[in-house]
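**Q** I have a structure I would like to understand better, so I am pasting it below and will then ask my questions one at a time.
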Amino acid sequence: MNDDGPERWMSLALDFAIRGRGMVEPNPMVGAVLVKDNIVVGIGWHQKFGGLHAETEALIQAGEKARGSTLFVSLEPCSHHGKTPPCANAILNSGISKVFVAMRDPNPLVAGKGIDFLQAHGIEVVIGVGKEKAETINAPFIKYYLHSKPFVIAKWAMSLDGKIATKSGESKWVSNDKCREKVHQLRGLIDAILVGIGTVIRDDPMLNARPEGSRKQIRIVIDPKARISLTSKIVQSAKDYPTIIAVRENVSQESKVALQSFGCDLLEISSASPIEVVNEILSHLGRLGIQNLLVEGGGKTLGSFFDASQVDEIQVYIAPIIIGGEDAITPVGGIGILEMANRQILASFSSEMIGDNILLSGRLKHYYSE
């Protein structure tokens, strides 16, 4: 590969795009680089929701040098009026001669219109350089617009023998301090966090990011029988953190009113099937505009998401300890599979040492085939 070729400049644009993670949602992460005579004359990235788009940032930096330059942008330029003017018009007016676009925008407000606009006005557009990485970093945005559901990350910490807690339910702590810090960083970057009622009863978590980021995540508890205690940390803090309790429709009115009085929003689910419960919750979150969801357990809840084939990515922390016991809790419960032909496979994965723990992360194969 030519070090000064399109791949190099698009890679740079994608590196800048990632800087917007956790700040721009529900918008996508976008980076832009302007190159003239093999020299970068402008760089930009979408830095916060409602702020200037990457292309505009790069154009401002380049000034008159933008004329006759080539633009490398990680996502198709917008062509509609939103919180900011259309980038396609700004590109045209700047005198840019050629545009490289990593991927088309799945948002129906754009969806090829930006590319069509530029081409109709005589600007050469090359599509697809850096596409794989562009799709990877904006996977939640893409899934939301293609399927109207959030991108689901399943996270758990386990021992070498595959246990997330002892047979008594004790789980503090399987992973080390640095791993837990990393989990809080992840929480601060996503839209919503979900656990089952068993985790709430056992651990009484707050389910927030510490330290808090620029936004507060929605906390969701799957609690069909409304067993959550009104003195739990989640209920007690529901007026400070958006909180959804997913209960069965036939739960007593008294329980519903009590939870609502503390600030909890209720999602009344119609099905008793764990798989259908997962689908109802994801559809509801899609209607709320939630693009990514972190599922933290426990085993029954994680199992229901895997049974429903709704996990897109895993993040597993593995500690160098042995817990033992056939009754100790495993990370993925649920129905499971009868035949290995139906196993769920990681299409891509990576590992990272965090102190004496290992973080294994990857995306499920089914995500790439959707």
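Residues 5 to 374 in my numbering are what the sequence shown spells out, letter by letter.
From the three backbone atoms N, C-alpha and C, an ideal C-beta is built for every residue, glycine too.
Quick caveat: nothing in here was measured; it's all calculated off a predicted structure.
1) Considering only residues of the segment 69–122, which uninterrupted beta strand (DSSP E) runs meet the minimum length of 3 residues and lie entirely inside it, listed in chain order?
2) Determine the direct distance from the alpha carbon of Phe145 to that of Asn111, and round the result to whole angstroms.
3) Which term fits Arg347, buried or exposed, when burial requires 16 or more other beta carbons within 10 angstroms of its beta carbon?
4) Does the beta-carbon distance from Val114 to Glu136 come in below 8 Å?
5) Who are the near neighbours of Arg25 in its chain, counting only those whose CB is closer than 7 Å to its CB and skipping five residues on each side?
6) Report the option in Ile232, Lys159, Ile131 and Ser98 whose CA atom is closest to the CA atom of Leu298.
7) Per DSSP, what kind of secondary structure is Ala345 in: helix, strand or coil?
8) Quick one: residues in its chain with C-beta nearer than 8 Å to the C-beta of Leu63, no 5 flanking neighbours on either side, listed in chain order?
9) Should Tyr117 be labelled buried (16 or more other beta-carbon atoms within 10 Å of its own) or exposed?
10) Val156 bridges to which residues according to DSSP?
11) Where does the unbroken beta strand (DSSP E) through Arg252 begin, and where does it stop?
12) What is the rounded straight-line gap between the Cα of Arg23 and the Cα of Gly200?
13) If distances are taken between C-alpha atoms only, which option among Pro278, Val261, Ser277 and Ala276 comes closest to Leu270?
14) Nearest to Pro246 by CA position, among His188, Leu263, Ile362 and Gln189, is which residue?
15) Which residues bound the alpha helix (DSSP H) around Asn283?
16) Beta strand (DSSP E) containing Asp269: first to last residue?
17) Would Ile43 and Ser163 be called neighbours here (beta carbons separated by less than 8 Å)?
18) Using alpha carbons as the reference points, say which of Lys186, Thr203 and Ile327 lies closest to Ser365.
19) Should the segment 302–320 be regarded as contacting the segment 232–243, the criterion being three or more beta carbon pairs within less than 8 Å?
20) Is the distance from the Cβ of Ile249 to the Cβ of Val282 below 8 Å?
21) How should His50 be labelled, buried or exposed, when 16 other C-beta atoms within 10 angstroms of its C-beta is the threshold for buried?
22) Given that a residue counts as buried once 16 or more other Cβ atoms are within 10 Å of its Cβ, and exposed if not, what is Leu150?
23) Report the residue ranges of all beta strand (DSSP E) runs contained in full by the segment 9–58; include only those spanning at least 3 residues, in chain order.
24) Where does Ala230 fall in DSSP's three states?
25) Is it the case that the Cβ atoms of Arg191 and Ala213 are separated by a distance below 8 Å?
26) By the DSSP assignment, the alpha helix (DSSP H) with Leu368 in it spans what residues?
27) Tell me whether Gly307 sits in a helix, a strand or coil according to DSSP, three-state version.
28) Determine the contact status of Asn31 and Phe155, defining contact as a CB-CB distance below 8 Å.
29) Only counting the same chain, and skipping five residues up and downstream in sequence, which positions put a Cβ closer than 6 Å to that of Gly307?
30) By the DSSP assignment, the beta strand (DSSP E) with Gly200 in it spans what residues?
31) Alpha carbon to alpha carbon, how far is Ser354 from Phe309? Give it in angstroms, no decimals.
32) When you compare only the Cα positions, how much space is there between Leu368 and Cys91?
33) Thinking C-beta only, is Val105 closer than 8 Å to Ile127?
34) Distance, Cα to Cα, His370 vs Ile341?
35) Between the alpha carbons of Leu234 and Arg108, how many angstroms are there, rounded?
36) What residues are listed by DSSP as bridge partners for Ala351?
**A** For this structure:
1) Fully enclosed beta strand (DSSP E) runs of 3 or longer: 74–77 and 102–105.
2) Mapped onto the sequence shown, residue 111 falls at position 107. Mapped onto the sequence shown, residue 145 falls at position 141. Rounded to whole angstroms, Asn111 to Phe145 spans 9 Å at the Cα level.
3) For the purposes of this step, residue 347 is taken as the residue at position 343 of the sequence shown. Arg347 should be labelled exposed.
4) Translated into the one-based positions of the sequence shown, residue 114 becomes position 110. Translated into the one-based positions of the sequence shown, residue 136 becomes position 132. No. Outside cutoff.
5) What you label residue 25 is simply residue 21 of the sequence shown in a count that begins at 1. Met33 and Leu193, listed in sequence order.
6) By one-based count along the sequence shown, residue 298 stands at place 294. Considering only alpha carbons, the answer is Lys159.
7) Counted from its first residue, the sequence shown places residue 345 at position 341. Residue state, collapsed to three classes: helix.
8) Position 59 of the sequence shown, counted from the first residue, corresponds to residue 63. If we look at Leu63 and ignore the five residues flanking it on each side, its Cβ neighbours are Leu38, Gly46, Gly48, Ala70, Ala94, Ile95 and Ser98.
9) Mapped onto the sequence shown, residue 117 falls at position 113. One detail in the question is off: residue 117 reads as Lys in this sequence, not Tyr. Buried, since its Cβ has 16 or more Cβ neighbours within 10 Å.
10) To locate residue 156, count along the sequence shown from 1; it is residue 152. In the DSSP output, where bridge partners are listed per residue, Val156 has Leu297.
11) Locating residue 252 in the sequence shown gives position 248, counting from the first residue. First-last of the beta strand (DSSP E) with Arg252: Thr247 to Arg252.
12) For the purposes of this step, residue 23 is taken as residue 19 along the sequence shown, with counting starting at 1. For the purposes of this step, residue 200 is taken as residue 196 along the sequence shown, with counting starting at 1. Cα to Cα, Arg23 sits roughly 32 Å from Gly200.
13) Residue 270 sits at position 266 when you count from the first residue of the sequence shown. If we check each option's Cα against that of Leu270, Val261 comes out closest.
14) As a working mapping, residue 246 is identified with position 242 in the sequence shown. Among His188, Leu263, Ile362 and Gln189, the Cα nearest to that of Pro246 belongs to Leu263.
15) Here residue 283 refers to the residue found at position 279 of the sequence shown. For Asn283, the enclosing alpha helix (DSSP H) has its first and last residue at Pro278 to Arg291.
16) Along the sequence shown, read from residue 1 onward, the residue named residue 269 stands at position 265. Segment Asp269 to Ile273, the beta strand (DSSP E) holding Asp269.
17) Sequence index remark: in the sequence shown, residue 43 carries index 39 (1-based). Sequence index remark: in the sequence shown, residue 163 carries index 159 (1-based). Going by C-beta atoms, Ile43 is not nearer than 8 Å to Ser163.
18) Looking up residue 365 in the sequence shown gives position 361. For the set Lys186, Thr203 and Ile327, the Cα lying nearest the Cα of Ser365 is the one of Lys186.
19) Flag = no, the segment 302–320 and the segment 232–243 do not touch.
20) Translated into the one-based positions of the sequence shown, residue 249 becomes position 245. Translated into the one-based positions of the sequence shown, residue 282 becomes position 278. Taking 8 Å as the Cβ cut-off, Ile249 and Val282 do not qualify as a contacting pair.
21) Counting from 1 along the sequence shown, the entry for residue 50 is found at position 46. Buried is the call here.
22) Here residue 150 refers to the residue found at position 146 of the sequence shown. Burial state of Leu150 is exposed, judged by a 10 Å Cβ sphere holding fewer than 16 other Cβ atoms.
23) Counting only runs that start and end inside the segment 9–58, the beta strand (DSSP E) elements of at least 3 residues fall at 35–40 and 43–49.
24) Looking up residue 230 in the sequence shown gives position 226. Reduced to three states, the DSSP call for Ala230 is coil.
25) For the purposes of this step, residue 191 is taken as residue 187 along the sequence shown, with counting starting at 1. For the purposes of this step, residue 213 is taken as residue 209 along the sequence shown, with counting starting at 1. Cβ atoms of Arg191 and Ala213: closer than 8 Å.
26) Here residue 368 corresponds to residue number 364 of the sequence shown, with the count starting at 1. Annotation: Leu368 is outside any alpha helix (DSSP H); the continuous beta strand (DSSP E) that includes it extends over Asn361 to Leu368.
27) Here residue 307 corresponds to residue number 303 of the sequence shown, with the count starting at 1. Gly307 sits in a helix when the DSSP states are folded into three classes.
28) Residue mapping note: residue 31 aligns to position 27 of the sequence shown, counting from 1. Residue mapping note: residue 155 aligns to position 151 of the sequence shown, counting from 1. In this structure, the beta-carbon distance from Asn31 to Phe155 does not fall below 8 Å.
29) Counted from its first residue, the sequence shown places residue 307 at position 303. Contacts found: Val336, Gly337 and Gly338.
30) Position 196 of the sequence shown holds residue 200. Element bounds for Gly200: Ala196 to Gly200.
31) Residue numbering aside, residue 309 sits at position 305 when the sequence shown is read from its first letter. Residue numbering aside, residue 354 sits at position 350 when the sequence shown is read from its first letter. The C-alpha of Ser354 is placed about 22 Å away from the C-alpha of Phe309.
32) Walking along the sequence shown from the start, residue 368 turns up at place 364. Walking along the sequence shown from the start, residue 91 turns up at place 87. Each residue's CA atom was taken as its position, placing Leu368 and Cys91 some 34 Å apart.
33) Reading the sequence shown from its first residue, position 123 is the one you call residue 127. Reading the sequence shown from its first residue, position 101 is the one you call residue 105. Between Ile127 and Val105, the C-beta spacing is not below 8 Å.
34) Against the sequence shown, residue 370 aligns to sequence position 366. Against the sequence shown, residue 341 aligns to sequence position 337. Ile341 has its alpha-carbon roughly 16 Å from the corresponding atom of His370.
35) Residue mapping note: residue 234 aligns to position 230 of the sequence shown, counting from 1. Residue mapping note: residue 108 aligns to position 104 of the sequence shown, counting from 1. Arg108 has its alpha-carbon roughly 47 Å from the corresponding atom of Leu234.
36) Position 347 of the sequence shown holds residue 351. Answer is none; Ala351 lacks a bridge partner.
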